[in-house]
Amino acid sequence: MTRACADAEVGDVLGTYRRHFGGGRAAVGQFLGGLVEIASHGAWIEVDDGRRYLDCGGYGVFILGHRHPRVVDAVHRQLDRRPLASRTLLDPVAAEAAAALAQVSPGDLDLVHFVNSGAEATETALKLARAHGKTTVITTRSGFHGKTLGALSVTANPTYQDPFRPLLPGVVAVGYGDLEQMSAALSATNGTAAVIVEPVQGEGGVVLPPAGYLHGVARLCRANDALLIVDEIQTGMGRLGTWWGIETDGVVPDMLLVGKGLSGGVVPVAALVASPQAYAPFAADPYLHTSTFAGSPLACAAAKTAIDTIRDERIVDRAALLGRRLLAGMRQICDRQRPHGLVEVRGRGLLIGIEFADPGAVGELALQMLERGVLSCLSLNSARVLRFTPPAVLDELDIEYFFHAFSAALAAI
Ligand SMILES: Cc1ncc(COP(=O)(O)O)c(C=O)c1O
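Here it is, written out as structure tokens:
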């Protein structure tokens, strides 16, 4: 894009934000330097003054980076041919995407329900659980499952929940990683429960559960006739260096939630994948839970191509390797520099968090990284953890750039 063209497009973005999105969002943008993004490619985002930023944030969406050429090409072709479907006739693109997603999903998870966002995938799972008579939902504290009213009810964070009470009834929150609490909560439900849980809590601040936790939760669900919903919206599609976080524990849930990376970083799309038994109520009545734009050909072209690309380009292995390297490098830098108030650097694959005793250090580090050309993300459910969710397409120069910025930013806080 030329400068003149960019200037015309950018205009007074901050002012327009203030007028039309409200002061709060504008203030955040201003605090972050008033940067206006105008183009993106691979691991990089270009802003209006021509500077480039290495995108190690993106809230976990960009496992393939920005505008991966295969995904962009597939979406372009679909746009030129048939972007939205009649929803009356059959759609081969949705069918292909569903088959591809089922193929990479564990066990007998073969039934697919596409939606437009992660929160909608959670809503779908909650409704499906209700259709089975599961009126209690057990969730984990600091778990994040979205912010629509149903999803918010299981996103156990009072900051987001309190302004909207009363929420869904029958929600019980237990400590993440605590099988005893899970067992006690489940045994009080008389077979009327569904459990929703993440393999690693992303927004909770990259919280890794004890080894075997998911396996234990699955065992308790079976023993108590509870449905298991595993939310892999952030952790799935290779983010943890495995296709799914649950692979580590060899668990096959009743429902799996997928989002973020499924978009290929190009078109928003999310999905619920379920076993035939779990999906039965929606299979029997396809109009029980619908949405006009869900599973559009455009979104499904992106999803199918994202899955193919992750497989063909060995993105899962690359995420595992790169994740190990970044985590080891960051730990080394922290050991050398001993930043004040550091608690821990932890992660799995390309979901890495750095925890400080003082939340102020998190904001400062994010700003210092930004100043050095690297985007990171805050954790919505933990003020003390800054997260890095880089794409698996970083090259050697990008890695060097990241380490250099990280080291300099730590020294500056
Ligand atoms: C684990 C998890 N579930 C659900 C969601 C909600 O997804 P969305 O923001 O697309 O509604 C998120 C978003 O961060 C998430 O990390």
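Under this note's numbering, read the sequence shown as residues 291 to 703, first letter to last. Built from N, CA and C at the ideal position, the CB exists for glycine as well. The model shown is predicted, which means the values in this text are computed figures rather than measured ones.
Assuming contact is defined by CB atoms lying nearer than 9 Å, are I642 and V496 in contact in what I supplied? Yes, the Cβ-Cβ distance between I642 and V496 is below 9 Å.
Can you find the residues in the same chain that come closer than 8 Å, C-beta to C-beta, to L571, ignoring five residues on each side of it along the sequence? The amino acid occupying residue 571 in the given sequence is Pro; Leu does not appear at that position. Cβ neighbours of P571 beyond the five flanking positions: L418, A421, H422 and L578.
Close-in-space but distant-in-sequence residues of the same chain around G619 (CB under 6 Å, 5 per side omitted): Excluding positions up to five away in sequence, the list reads F693.
Tell me where the beta strand (DSSP E) around F646 begins and ends. Here the beta strand (DSSP E) through F646 covers L641 to F646.
Is the separation between the beta-carbon of E413 and that of G436 shorter than 9 Å? Using a Cβ distance threshold of 9 Å, E413 and G436 count as a contacting pair.
Since N406 and N671 are thought to touch, with beta carbons under 8 Å apart, how far apart are those beta carbons, to the nearest angstrom? The Cβ separation is near 23 Å, so there is no contact.
Alpha carbon to alpha carbon, what distance is there between V362 and A513? Rounded to the nearest whole angstrom, the CA to CA distance from A513 to V362 is 46 Å.
Looking at ligand 1, does it come within less than 8 Å of F572, judged from the CB to the closest heavy atom? No, Cβ of F572 sits at least 8 Å from all heavy atoms of ligand 1.
With 16 other CB atoms within 10 Å as the buried threshold, where does S376 fall? S376 comes out exposed.
Per-residue burial, E661 [other beta carbons within 10 Å of its own, 16 or more giving buried]: When all chains shown are included, E661 counts as exposed.
Length at least 3, wholly inside the segment 470 to 547: the beta strand (DSSP E) runs in chain order: The qualifying runs are 483 to 487 and 517 to 521.
CB contact flag (F404, A584, <9 Å): Taking 9 Å as the Cβ cut-off, F404 and A584 qualify as a contacting pair.
Through-space distance from C667 to R674, alpha-carbon basis: Distance between the alpha carbons of R674 and C667: 12 Å.
Cβ shell of D685 (< 6 Å), same chain only, five flanking positions each side left out: Annotation for D685: no residue places its beta carbon closer than 6 Å to its own, counting only its chain and skipping 5 residues before and after.
If we count the other Cβ atoms within 10 Å of its Cβ and call it buried at 16 or more, is D452 buried or exposed? Taking every protein chain shown into account, the CB of D452 has fewer than 16 other CB atoms within 10 angstroms, so this residue is exposed.
Between E654 and I597, is the Cβ-Cβ spacing less than 9 Å? Result no, Cβ atoms of E654 and I597 do not sit closer than 9 Å.
What residue does the alpha helix (DSSP H) around C310 start on, and which one ends it? Checking the sequence shown, residue 310 turns out to be His, not Cys. Segment V303 to H310, the alpha helix (DSSP H) holding H310.
Cβ shell of S473 (< 6 Å), same chain only, five flanking positions each side left out: Closer than 6 Å at the Cβ level, and outside the excluded window around S473, lie L510.
Spatial neighbours of Y450 within its chain, please: CB distance less than 7 Å, with the 5 preceding and 5 following residues excluded, ordered by chain position. Closer than 7 Å at Cβ, skipping near neighbours: K437 and L442.
Let me know if D648 comes out buried or exposed under the rule of 16 or more other beta-carbons within 10 Å of its beta-carbon. Result: exposed.
Collapsed DSSP secondary structure at C624 in the structure displayed: Of the three classes helix, strand and coil, the one that applies to C624 here is helix, per DSSP.
By a C-beta neighbour count over all protein chains shown, 10 Å radius and 16 as the cutoff for buried, is P382 buried or exposed? Its Cβ having fewer than 16 others within 10 Å, P382 is exposed.
Any beta carbon of chain D sitting closer than 9 Å to that of K550? As a matter of chain content, chain D is missing from the structure shown, which is built from one protein chain.
Rounded to whole angstroms, what's the CA-CA distance from R677 to G535? Just pull it up for me. Cα-Cα distance, rounded: 17 Å.
In this structure, does DSSP put H630 in helix, strand or coil? In the three-state scheme derived from DSSP, where H, G and I count as helix and E and B as strand, H630 is classed as coil.
Where does E470 land, buried or exposed, given buried means 16+ other C-beta within 10 angstroms? Classification for E470: exposed.
DSSP has I335 in a bridge; who is on the other side? As computed with DSSP, I335 is found in a beta bridge with S330 and Y343.
Along the beta strand (DSSP E) that carries A560, what are the first and last residues, could you check? Looking at the DSSP string, the run of the beta strand (DSSP E) that includes A560 is A560 to A564.
Proximity test, Q524 beta-carbon vs ligand 1 heavy atom, cut-off 8 Å: Answer for Q524: yes, Cβ within range of ligand 1.
Under 8 Å: does the beta carbon of S432 sit that close to some heavy atom of ligand 1? No, the beta carbon of S432 sits no closer than 8 Å to any heavy atom of ligand 1.
Check F404 in the structure and name its three-state DSSP category. Of the three classes helix, strand and coil, the one that applies to F404 here is strand, per DSSP.
Which residues in the same chain as S669 place their Cβ atom closer than 6 Å to its Cβ, once the five residues preceding and following it in sequence are excluded? If the five residues before and after S669 are omitted, its C-beta is found closer than 6 Å to the C-beta atoms of E493, G495, V675 and R677, all from its own chain and listed in chain order.
Once DSSP output is grouped into helix, strand and coil, what is the label at S553? Of the three classes helix, strand and coil, the one that applies to S553 here is helix, per DSSP.
Roughly how many whole angstroms lie between the Cα atoms of Y307 and V337? Going by the C-alpha atoms only, they are around 17 Å apart.
Give a yes or no on contact between the segment 528 to 546 and the segment 596 to 615, applying the rule of three or more CB pairs nearer than 8 Å. Output reads yes: the segment 596 to 615 touches the segment 528 to 546.
To the nearest angstrom, how far is it from the Cα of C346 to the Cα of L700? Within the model, the alpha-carbon separation for C346 versus L700 is close to 16 Å.
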